[in-house]
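Enquirer:
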Amino acid sequence: MSTIKSSAENLTLNADGANNDIIFQSNGSNVATLDQAGLLTATTFAGSGASLTALPAAQLTGTLPAISGANLTGISGSSDYRPSGKPIIINGDMAIAQRSTSVTGIGNGDSGYHTVDRWNWNEPTAGHITSGAEWTQTQETLTSGAAWEDGFTKALKMDCTTAEASPAASDGNFIQYMIEGADVKAFKKGTPNAQTYTVSFWVKATKTGTNCINLGDRTNDRYIAATYTINTTNTWEKKVINLAADTTGSIGAGSYYQGENGQGMRLIFGLYGGSEYSSGGSLQTSWASWTTNKRLFGQVNNADSTSNNWHITGVQLEVGTYTAATLPPFQHESFGDSLARCKRYYWRTATGEPYSALSSGVVYSSTEVITSFRYPVLMRGVPTMAASGSFSVLQGSSITGTVVFTRINLDCVRLNLSISGGTTGRGGVIRNQNDSAAYISGDAEL
Amino acid sequence: MIIENAKYHNADSDTNTGIFATIDGVGCSVPLDENNRHYVEILKQVADGDITIAEAD
Chain A
865 MSTIKSSAEN LTLNADGANN DIIFQSNGSN VATLDQAGLL TATTFAGSGA
915 SLTALPAAQL TGTLPAISGA NLTGISGSSD YRPSGKPIII NGDMAIAQRS
965 TSVTGIGNGD SGYHTVDRWN WNEPTAGHIT SGAEWTQTQE TLTSGAAWED
1015 GFTKALKMDC TTAEASPAAS DGNFIQYMIE GADVKAFKKG TPNAQTYTVS
1065 FWVKATKTGT NCINLGDRTN DRYIAATYTI NTTNTWEKKV INLAADTTGS
1115 IGAGSYYQGE NGQGMRLIFG LYGGSEYSSG GSLQTSWASW TTNKRLFGQV
1165 NNADSTSNNW HITGVQLEVG TYTAATLPPF QHESFGDSLA RCKRYYWRTA
1215 TGEPYSALSS GVVYSSTEVI TSFRYPVLMR GVPTMAASGS FSVLQGSSIT
1265 GTVVFTRINL DCVRLNLSIS GGTTGRGGVI RNQNDSAAYI SGDAEL
Chain B
494 MIIENAKYHN ADSDTNTGIF ATIDGVGCSV PLDENNRHYV EILKQVADGD
544 ITIAEAD
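If you read the sequences in order, they're chains A and B.
Counting from 865, one number per residue, gives the positions in the first sequence under the numbering used here.
Counting from 494, one number per residue, gives the positions in the second sequence under the numbering used here.
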């Protein structure tokens, strides 16, 4: 064995010259090279990686080793997960419309749900029954445009059919989404660890200019407002809006719709409003007590002409602060999943088949048929039950009657039929009476 | 929300168990539950003096 050794002083290996490297060989083959820039190149390396420091990020290429996510830091956005891994806003892509796909004459006392599930049309209650704008609300099918190119095939469209160019002071129209209390837990509202909000959506409007949104906490009567701008008429534009966290007012602590299955928060889109919504002189851009006169400061009047339309789709609400570049993609749910989530708030039996059976039971007396009906899902709260159309009981013969709901519960109801001439003790099937448009429904909307 | 013909009903008991009403033109049965938006609205319209609720038969 031969050894190059220096015991008392530095040992210098010098490949002197402009292009000369120090080369290590084994059995006649090069195994390592130290070039003039100090770069060591070898066929293999061994030893602890703990000795390596200041590695340039560009050198970390190829397949990375398995690393626990707990060791990752500096990740933008929030560490909180979406509830159940599903989007907080149900039917944000406007795909589900159980009630109808188009309703005309909405306005002047029609606050409620008309077409697209979970999306509520709202106007203030007092003094708004006989004046103000009217609209046709439609579940619109998209076949072109930027929202369609982003994967959305449905939208909620508001078509102004009666204009109110000069709104009365207290007039105002809104599209809003009520979020169940259990679905906003991740925002930790009212705690020292309250999270910020990001609202994103696709919007198209005839009117250019400023529009307002409100995020409200009805249980504590607090809200925050923000604006977005329609830059180009009748063109789909994507908006991303950041809203502050609120360390005041926990959800479910108020006196209205208390509890996790109550109205946690509401996301509101203004269409137009009279002076009562803007006379505060500014927009309420920080969380504070509900103040009507700062809700729509600067809002354009989308109802000042019957030529105006306003469309929206792809609504998402995220925990944390995102930009257009960092926003998580919209979570497209399957139609079935989205429909099932909507039915927690509203369901309607299918139409289209004459004499379709609803339930079976017994002819309790000559005037009453008693049956049970179980809902498709457990509902958010005890629902309002409704029946529309003609119904009968088949109990040997067919007897028409009136549907009466009693003992309404979270998952079932006693579906009775008030009749005359029934045969006590017979079995009976309640069905529509050759009325393919007849239905019953349960409504536990917020 | 247009509420008409509101009337309490009871089923198999002497106490009211719900309200029959026509809401926006559709016959409905409304539970006596303050987490139900229709019941909340009925109470509001009663308080405002806009409607009354008839007693059960």
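A virtual CB, placed ideally from N, CA and C, is assigned to each residue, including glycine.
In this text, all values refer to a predicted model and were calculated from it rather than measured experimentally.
#1: By the 10 Å Cβ neighbour count, where 16 or more other Cβ atoms means buried, how is A/Gly956 classified, buried or exposed?
#2: With 16 as the cutoff for other CB atoms within 10 Å, does A/Val895 come out buried or exposed?
#3: Within the 7 Å Cβ cut-off, does B/Ala504 reach chain A?
#4: CB-CB under 8 Å to A/Thr1070, same chain, minus the five flanking residues each way: which ones, in chain order?
#5: Short check: CB of A/Asp1085 to CB of A/Met1129, under 7 Å?
#6: Is it buried or exposed for A/Ser871, if we count other Cβ within 10 angstroms and need 16 for buried?
#7: Work out the CA separation of A/Thr965 and A/Ala1386 for me, nearest whole Å.
#8: If the cut is a Cβ gap below 7 Å, which residues of chain A does B/Ile495 touch?
#9: When DSSP labels each residue in this structure, what does A/Asn1157 get in the three-state scheme?
#10: At a CB-CB cut-off below 8 Å, which residues of chain B make contact with A/Gly976?
#11: Which of the three DSSP states is assigned to A/Phe888 in this structure?
#12: Using the rule of at least 16 other Cβ atoms within 10 Å of the residue's Cβ for burial, across every protein chain shown, is A/Ile886 buried or exposed?
#13: Return the first residue and the last residue of the alpha helix (DSSP H) that A/Ala812 is part of.
#14: In three-state terms, what does DSSP make of A/Ser1202?
#15: Can you grab the Cα-Cα spacing for the pair A/Phe1133 / A/Phe1038, in whole Å?
#16: Would you say B/Thr508 reaches chain A, if we count a Cβ-Cβ gap shorter than 7 Å as a contact?
#17: Could you tell me which whole beta strand (DSSP E) segments of length 3 or greater appear in the stretch 1042–1085 of chain A?
#18: Return the chain-ordered list of same chain residues with a C-beta closer than 7 Å to the C-beta of A/Leu1203, the five sequence neighbours on each side being excluded.
#19: For a contact meaning CB atoms closer than 8 Å, what does A/Glu1309 contact in chain B?
#20: Using DSSP bridges, identify the partner residues of A/Lys869.
#21: Give me whichever residues DSSP pairs with A/Lys1102 in a beta bridge.
#22: Spatial neighbours of A/Ser1262 within its chain, please: C-beta separation below 7 Å, excluding the five flanking residues on both sides.
#23: Can you tell me whether DSSP reads A/Arg1290 as helix, strand or coil?
#24: Residues of chain A with a CB under 7 Å from the CB of B/Val523: which are they?
#25: Verify the CB distance criterion: does A/Phe1269 have a CB-CB separation below 7 Å to chain B?
#26: Just checking: is the beta-carbon of B/Asp550 within a distance shorter than 7 Å of some beta-carbon in chain A?
#27: Would you say A/Gly991 reaches chain B, if we count a Cβ-Cβ gap shorter than 7 Å as a contact?
#28: When you compare the CB positions of A/Gly1329 and A/Leu1281, do they come within less than 7 Å of one another, or not?
#29: Let me check you understand the geometry: is the CB of A/Glu1182 closer than 6 Å to at least one non-hydrogen atom of the ligand FAD?
#30: Let me check understanding here. Comparing Cα to Cα, which of A/Asn1095, A/Phe1194 and A/Asn878 lies closest to A/Gly949?
#31: Anything in chain A within Cβ reach of B/Gly511, meaning under 8 Å, just list it in chain order.
#32: Between the alpha carbons of B/Asp526 and A/Arg1295, how many angstroms are there, rounded?
#33: Exposed or buried, which one is A/Lys1018 when buried takes at least 16 other CB atoms within 10 Å?
#34: Please go through the same chain and pick out, in chain order, the residues whose beta-carbon is closer than 7 Å to the beta-carbon of A/Tyr1303, but skip the five residues on each side of it.
#35: Flag A/Ser1300 as yes if its beta-carbon sits less than 7 Å from any beta-carbon of chain B, otherwise no.
#36: I believe A/Gly1138 touches A/Ser975 by the beta-carbon criterion, under 8 Å. Please report the beta-carbon distance rounded to the nearest angstrom.
Expert: Reading from the atomic positions:
#1: Counting Cβ neighbours within 10 Å, A/Gly956 comes out buried, since at least 16 surround it.
#2: The residue in question, A/Val895, is exposed, as its Cβ has fewer than 16 Cβ neighbours within 10 Å.
#3: Taking Cβ atoms only, chain A reaches closer than 7 Å to B/Ala504, which makes this a yes.
#4: Leaving aside the five residues that flank A/Thr1070 on each side, the residues in its chain whose CB is nearer than 8 Å to its CB run, in chain order, Thr1097, Asn1098, Asn1166, Ser1169, Ser1171, Asn1172, Asn1173 and Trp1174.
#5: One thing to note: A/Asp1085 has its Cβ no nearer than 7 Å to the Cβ of A/Met1129.
#6: The residue is exposed, with fewer than 16 neighbouring Cβ atoms inside 10 Å.
#7: Because chain A here runs from 865 to 1310, residue 1386 of chain A falls outside it and cannot be looked at.
#8: Per Cβ cutoff of 7 Å: Gly973.
#9: It is helical.
#10: Those within 8 Å of A/Gly976 in chain B are Met494 and Asp517.
#11: A/Phe888 falls in the strand class under three-state DSSP.
#12: The residue in question, A/Ile886, is exposed, as its Cβ has fewer than 16 Cβ neighbours within 10 Å.
#13: Nothing can be reported for residue 812 of chain A, as the shown portion of chain A is limited to 865 through 1310.
#14: Helix.
#15: When rounded, the separation of the alpha-carbon atoms in A/Phe1133 and A/Phe1038 is 6 Å.
#16: It does not: the Cβ of B/Thr508 has no partner Cβ on chain A nearer than 7 Å.
#17: List check, beta strand (DSSP E) in window: 1061–1069 and 1073–1081.
#18: Excluding residues within five positions, the ones whose Cβ falls inside 7 Å are Ile960.
#19: Simply Arg530.
#20: For A/Lys869, which the question treats as bridged, DSSP gives no partner whatsoever.
#21: DSSP links A/Lys1102 through a beta bridge to A/Trp1066.
#22: The residues are Ser1256.
#23: In this structure, A/Arg1290 counts as coil in the three-state DSSP scheme.
#24: Per Cβ cutoff of 7 Å: Thr1248.
#25: At least one CB atom of chain B sits nearer than 7 Å to the CB of A/Phe1269.
#26: No, no contact with chain A.
#27: Residue placement at A/Gly991 is flagged as unreliable, the pLDDT there being 47, under the threshold of 50; a coordinate-derived value is accordingly withheld.
#28: Missing from the structure shown is residue 1329 of chain A; chain A here goes from 865 to 1310 and no further.
#29: Absence of the ligand FAD is noted for the structure shown, with no ligands found whatsoever.
#30: Taking only the C-alpha atoms, the option nearest A/Gly949 is A/Phe1194.
#31: Think of a sphere of 8 Å around the beta carbon of B/Gly511: the chain A residues whose beta carbon falls inside it are Phe1269, Thr1270 and Ile1272, in chain order.
#32: For the pair B/Asp526 and A/Arg1295, the Cα-to-Cα distance works out to about 29 Å.
#33: That one is buried.
#34: The residues are Arg1212, Thr1213, Thr1215, Ser1252 and Gly1253.
#35: A/Ser1300 does not count as touching chain B.
#36: The pair is not a contact, with the Cβ atoms about 16 Å apart (cut-off 8 Å).
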